[in-house]
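Colleague: What follows is a single structure, and I will ask about it in a moment.
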Amino acid sequence: MQNIKRTNFSENIMQAIFFLSAFISVLAVLAICLFLFMRGIPAIAEIGFMDFIFNEKWGPTNTPASYGILSMIVGSIYVTAGAIVIGVPIGLMCAIFLAEFCPDNVYKFVKPAVNLLAGIPSIIYGFFGMEVVVPFVRENMGGNGYSIMSASLILGIMILPTIISISESSIRAVPDNYAEGSYGLGATKEETVFKVVLPAAKSGVLTSIILGIGRAVGETMAVVMVAGNAVMPLDKIELFKPIRTLTTNIVTEMSYASGLHESALISTGVVLFVFIIILNASLSLIKSKAQRN
Amino acid sequence: MKNSKILSIIALVLMLTMVFVGCSKETPSGDEAAEFDLNKDITVVARDAASGTRGAFHEIMKIIVKENDTEVDKLVVGALEFDGTDKVITAVEGDEYGIGYISLGSVSDRIKAVSVNGVEPTVENVKSGNYTVSRPFLLVTKGNESDLVKDFLKFTESTEGQKITNEMNFIGYVDSPADYTASGMSGTIKVAGSTSVAPLMEKLQEAYQELNPDVTFETQAQGSSQGIKAAIDGSYDVGMSSRELKEEEAKELNRHVLAIDGIAVIVNKENPKSDLASEDITKVYKGEITKWSEVK
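Residue numbers (this note's numbering), protein chains in the order written: chain A, 4 to 296; chain B, 2 to 297.
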């Protein structure tokens, strides 16, 4: 009797601890949301929603000041798109190679290398970008090097580990009988991988791409060092010209800003946050679709 | 089995070519550096919108255009903006066609500081007023500071403090500084503000601590506006500013001029120009001149 009581008691305590842990993470999200929206929304209201989102003029120190972030929204989208163009094909090919074709002795070398890539701090990526990628782009592709191209290159490398590891595990998770069925019908290894296994792993691959996009959109430190941070009017944006993204706008000006300027930067954070919410929503949409299938 | 072998060979070949491409790129860049192509576009490097250095430089150089009630920063579209002196130096050091501006005290042999209107950016020229691109370094306090903070301010304005200031290539502002005698006080002084003032502040703190070993400092350098804000709200004892105070800020703060600092216009070491007219600098920063060949 007493034994059972004691088990119940410890059970309850553990339950409380687990609940508390879950509660704390939810609380953190709520607190950040609350902070962002409470500080950001009034500023957006003061500037005017249309003037904030659809105006390409950013001049916080001018009188009258203008706070339009359209150029940075577009900048974030371009840089991310560039990262996807560079990172997804390489990452996907690498994942297929690792999961299906890679000999064990090569795997032992490649897999830790990919994991290491994920662990490199973003400031190191930024430093590498400023000292190596920017001069490379300047000398071989044109412009002064600080550009959408450089930022995309760096981000393309940074999202590789995300894409590789998630895609690889989803490819590995495809049941063996799919492949065996395909072999049974006389298909070659390549046909099997690309026409049977890969389509079956589709939702995992999509997940990896979306998480990669999330990483690219939110990356700050590395981008601020290679993108040049110039606010470009929409018609002047070019692949080899500098660009400012939402994140770099916040980080370059935050420490100096005051008053409405500071609030406008927090509002920039709100827009970024909405971006991430949209990404996460599409992620859960893909997952629920995959489950239905 | 066969496929995997072929694939790994391809991977190996790809890696090797990348290594070789990487190597071959290194050599020509070294040769190219020798000749300076005046017809290449100028890479304009600026500081971020609210830095003290930028505020002062853009104002002196008339890049900020004032008309009636409006005040517009006409910085050329596509100018690189960095949030720190070090990044500006790195950018100009790495780009032959770059131009930037930094505090005179931060000039090093990584880049070349040019003369403006024929006047070299030296301490003497700033002091005599011949070199016109300069601004004050301020320490601001709320007015209710402790004796310790007062003592530290006294030190910065003393013979010893001003000597350090001059050694750092800033220009001491105090006309007839008094000698400082150690007070032997203890406590913590919290200082925040401009990244341009910070190196000088660090040296002053070191010297002050040698005389008063019981005093500790907490220093944060995140920009003039932040320092001024921190001094106004009382979260820090002393604010460092590398720009003049705005009217509403001046009302709330005591202002101590620590030094006068020249702002140096810097270019890459490969750049043949060593003297720029201030009108040309203005035109470069406003985008009216885009090539080095158009600069006199």
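Every residue, glycine too, gets a C-beta built ideally from N, C-alpha and C. Everything numeric in this text was worked out from a predicted model, so none of it was measured.
1) Just curious, the beta strand (DSSP E) that I65 (chain B) is in, first and last residue?
2) So what does DSSP say about M144 (chain A), is it helix, strand or coil?
3) Are G166 (chain B) and L259 (chain B) closer than 8 Å when you measure CB to CB?
4) For L343 (chain B), return the contacting residues in chain A, with the cut-off set at a CB-CB distance below 7 Å.
5) Starting from L221 (chain B), follow the beta strand (DSSP E) in both directions and report where the run begins and ends.
6) Less than 8 Å separating the beta-carbons of Q227 (chain B) and G194 (chain B)?
7) Pick helix, strand or coil for T196 (chain B), following the three-state DSSP scheme.
8) With G148 (chain A) and V137 (chain A) assumed to form a contact (beta carbons below 8 Å), what rounded beta-carbon distance in angstroms separates them?
9) What number of angstroms, rounded off, separates the C-alpha of T210 (chain A) from the C-alpha of L156 (chain A)?
10) Can you pull out the residues from the stretch 118-130 of chain A whose beta carbon lies closer than 7 Å to at least one beta carbon of chain B?
11) If you follow the alpha helix (DSSP H) that T71 (chain B) is in, where does it begin and where does it stop?
12) What residue from B:S243, B:V268, B:I264 and B:I267 has the CA that sits closest to H257 (chain B)'s CA?
13) Give the single residue among B:W293, B:E249 and B:D238 whose Cα lies nearest to the Cα of N145 (chain B).
14) Looking only at its chain, what residues have a beta carbon closer than 7 Å to the beta carbon of T223 (chain A), apart from the 5 residues adjacent to it on each side?
15) Can you check the stretch 62-131 of chain A for any alpha helix (DSSP H) of at least 4 residues that lies completely inside it and give the ranges in chain order?
16) I'd like to know whether the C-beta atoms of L140 (chain B) and L154 (chain B) end up nearer to each other than 8 Å.
17) Spatial neighbours of I47 (chain A) within its chain, please: C-beta separation below 6 Å, excluding the five flanking residues on both sides.
18) Considering only residues of the same chain and omitting the five flanking positions on each side of K292 (chain A), which have a CB-CB separation below 8 Å?
19) Return the residue from the list A:L33, A:E171 and A:F243 that minimises the CA-CA distance to V196 (chain A).
20) Less than 8 Å between the C-beta atoms of A233 (chain A) and A92 (chain B), yes or no?
21) By Cβ distance, which residues of its chain are closer than 6 Å to N255 (chain B), with the 5 residues on each side in sequence left out?
22) Using the C-alpha atoms, what's the distance from L163 (chain A) back to L119 (chain A)?
23) If contacts are defined as beta-carbon pairs under 8 Å, then V266 (chain B) and Y102 (chain B) qualify, I think. What distance do you get, rounded to the angstrom?
24) Can you tell me which of the three DSSP states R256 (chain B) falls into?
25) Quick one: what does DSSP say L246 (chain B) is sitting in, helix, strand or coil?
26) If we cut at 8 Å on Cβ distances, does T123 (chain B) have a partner in chain A?
27) Leaving aside the five residues before and after V108 (chain B) along the sequence, list all residues of the same chain whose C-beta is less than 8 Å from its C-beta, in chain order.
28) Where DSSP assigns a beta bridge to V115 (chain B), which residues make up the other side?
29) For chain B, find out if any of its Cβ atoms is closer than 8 Å to the Cβ of P67 (chain A); answer yes or no.
30) By alpha-carbon positions, which one of B:Q210, B:M241, B:G235 and B:P214 ends up nearest to Q221 (chain B)?
31) To which residues of the same chain is G184 (chain A) closer than 8 Å at the C-beta, ignoring the five residues directly before and after it?
32) Considering only the beta carbon of each residue, do M284 (chain B) and N40 (chain B) sit closer than 8 Å?
33) Need the endpoints of the beta strand (DSSP E) that E47 (chain B) sits in, please.
34) Quick one: residues in its chain with C-beta nearer than 6 Å to the C-beta of G288 (chain B), no 5 flanking neighbours on either side, listed in chain order?
35) Let me confirm a value: M161 (chain A) is counted as buried when at least 16 other C-beta atoms fall within 10 Å, else exposed. Which label applies?
36) Identify the continuous alpha helix (DSSP H) that holds I246 (chain A) and give its terminal residues.
Modeller: Checking against the coordinates, here is how it stands:
1) I65 to E68
2) coil
3) In the sequence as presented, Gly is not what sits at residue 166 (chain B); that position holds Thr. Yes, the pair counts as a contact, with Cβ atoms nearer than the cut-off.
4) Lying outside 2 to 297, the shown extent of chain B, residue 343 (chain B) is not represented and no answer is given.
5) In the sequence under discussion, the amino acid at residue 221 (chain B) is Gln, which differs from the Leu named in the question. Start and end: V216 to A222.
6) yes
7) coil
8) 4 Å
9) 21 Å
10) none
11) Where T71 (chain B) is concerned, there is no enclosing alpha helix (DSSP H), although the beta strand (DSSP E) it sits in stretches over T71 to D74.
12) B:S243
13) B:D238
14) T250, T251 and V254
15) 73-99, 107-122 and 125-131
16) yes
17) F55 and S270
18) S206
19) A:E171
20) no
21) T142 and G144
22) 11 Å
23) 5 Å
24) strand
25) coil
26) no
27) A114, P122, N170, A265 and I267
28) B:V266
29) yes
30) B:M241
31) V199
32) The displayed chain sequence assigns Lys, not Met, to residue 284 (chain B). Against a cut-off of 8 Å, the Cβ pair of N40 (chain B) and K284 (chain B) comes out as no contact.
33) Checking the sequence, you will find Ala at residue 47 (chain B) rather than Glu. Looking at the DSSP string, the run of the beta strand (DSSP E) that includes A47 (chain B) is T44 to R48.
34) V77
35) buried
36) I246 (chain A) -> no alpha helix (DSSP H), and no H or E assigned at all.
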